[in-house]
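Worksheet: one structure, shown below.
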Amino acid sequence: GAVVSQHPSRVICKSGTSVKIECRSLDFQATTMFWYRQFPKKSLMLMATSNEGSKATYEQGVEKDKFLINHASLTLSTLTVTSAHPEDSSFYICSASPAGGAAQYFGPGTRLTVL
Amino acid sequence: LAKTTQPISMDSYEGQEVNITCSHNNIATNDYITWYQQFPSQGPRFIIQGYKTKVTNEVASLFIPADRKSSTLSLPRVSLSDTAVYYCLVGGFFSGGYNKLIFGAGTRLAVHP
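Chains as they are written, first to last, in the working numbering: chain A, 4 to 118; chain B, 65 to 177.
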């Protein structure tokens, strides 16, 4: 139980294009999901909290217009990197928690490479 | 949000028991303590969670003293496949969801033959 998936697992795009990453909770409903990014040899950095049916809450320094988050259902949150640039290349990871649960479960991550 | 402090790295050998201690002096009353394991290019994997005293599951034990200002993850008889980064996190649990987690640097465990 408590499985979180991400799609795609790996994406390469050209600079200036937009990329959408999906995060799904497969066997539970999640009113809240979280998005992180991780650079090589570094720890995870929280980007935003995705709330079902409402606007996401972004951490300080994260551009909300660049990283669009949509939490349209209790099992799906999407992160869209708009007008991607090489510096956006990173490992993006989402997490979700079952309602009433006390632990977060993480997706396998999405490797974004912007050329 | 409670800040956590862990050793940056640890070395061990196959078959040994490994104990990783995490300090969280500012832990709040409703904070749980959760440990995750992460391999390169993978999302963190839940290992164990506790609130107080001792918790044990099939892969690890978690020891939490009465003041809850620290916790120790114990991995029995490690193998080479336990080489990974281990994160200790504290976070609140509220009705309907879970509070956000802030990752520290983690402990890079290297298990040698």
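Backbone N, C-alpha and C fix where the C-beta goes; we use that ideal spot for every residue, glycine too.
Chain-ordered chain A contacts of residue i [CB-CB under 8 Å]
i: A183(B); result: A question about residue 183(B) goes unanswered here, because the residues of chain B that appear run from 65 up to 177.
i: Q101(B); result: Those within 8 Å of Q101(B) in chain A number zero; the least Cβ separation is about 11 Å.
Per DSSP, the bridge partner or partners of residue i
i: Q113(B); result: T98(B)
i: F37(A); result: T52(A), S98(A)
i: V149(B); result: Q102(B), R172(B)
i: V154(B); result: I97(B)
i: I84(B); result: L137(B)
i: N121(B); result: In the DSSP output, where bridge partners are listed per residue, N121(B) has none listed.
i: I72(A); result: L82(A)
i: H10(A); result: E25(A)
i: D75(B); result: A174(B)
i: S93(A); result: L115(A)
Interface residues of chain B facing residue i [CB-CB closer than 7 Å]
i: I96(A); result: G107
i: T52(A); result: K164
Sub-8 Å separation of residue i and residue j beta-carbons
i: L82(A); j: F167(B); result: no
i: Y115(B); j: Y100(B); result: no
i: T69(B); j: T136(B); result: no
i: Y108(A); j: A99(A); result: yes
i: P2(A); j: Q106(B); result: Residue 2(A) lies beyond the range of chain A shown here (4 to 118); nothing can be said about it.
i: L79(A); j: R27(A); result: yes
i: V65(A); j: A87(A); result: no
i: E25(A); j: Q9(A); result: yes
i: K172(B); j: E81(B); result: For the record, residue 172(B) in the displayed sequence is Arg; it is not Lys. Their beta carbons are not under 8 Å apart, which means R172(B) does not touch E81(B) by this criterion.
i: V175(B); j: S76(B); result: yes
i: E78(B); j: S143(B); result: yes
Neighbour-count burial assignment, residue i, 16 or more Cβ in a 10 Å radius
i: S159(B); result: Bear in mind that a pLDDT of 49 at S159(B), under 50, signals an unreliable position, so the number given afterwards is only what the model happens to contain. It is exposed - the Cβ of S159(B) has fewer than 16 other Cβ atoms within 10 Å.
i: G56(A); result: exposed
i: F37(A); result: buried
i: V7(A); result: buried
i: V154(B); result: buried
i: A75(A); result: exposed
i: R132(B); result: buried
i: F103(B); result: exposed
i: V123(B); result: exposed
i: S53(A); result: buried
i: D30(A); result: exposed
i: T120(B); result: exposed
Interface residues of chain B facing residue i [CB-CB closer than 9 Å]
i: R114(A); result: S105
i: L49(A); result: K164, L165, I166, F167
Neighbour list for residue i in chain A, Cβ cutoff strictly below 9 Å
i: F110(B); result: A5, A106, Q107, Y108, F109
Partner residues on chain B for residue i, Cβ-Cβ distance less than 8 Å
i: F37(A); result: K164, L165
If contact means a Cβ-Cβ distance below 8 Å, which residues of the segment 55–85 of chain A contact chain B? none
Which residues, in order along the segment 65–83 of chain B, keep a beta-carbon less than 9 Å from a beta-carbon of chain A? none
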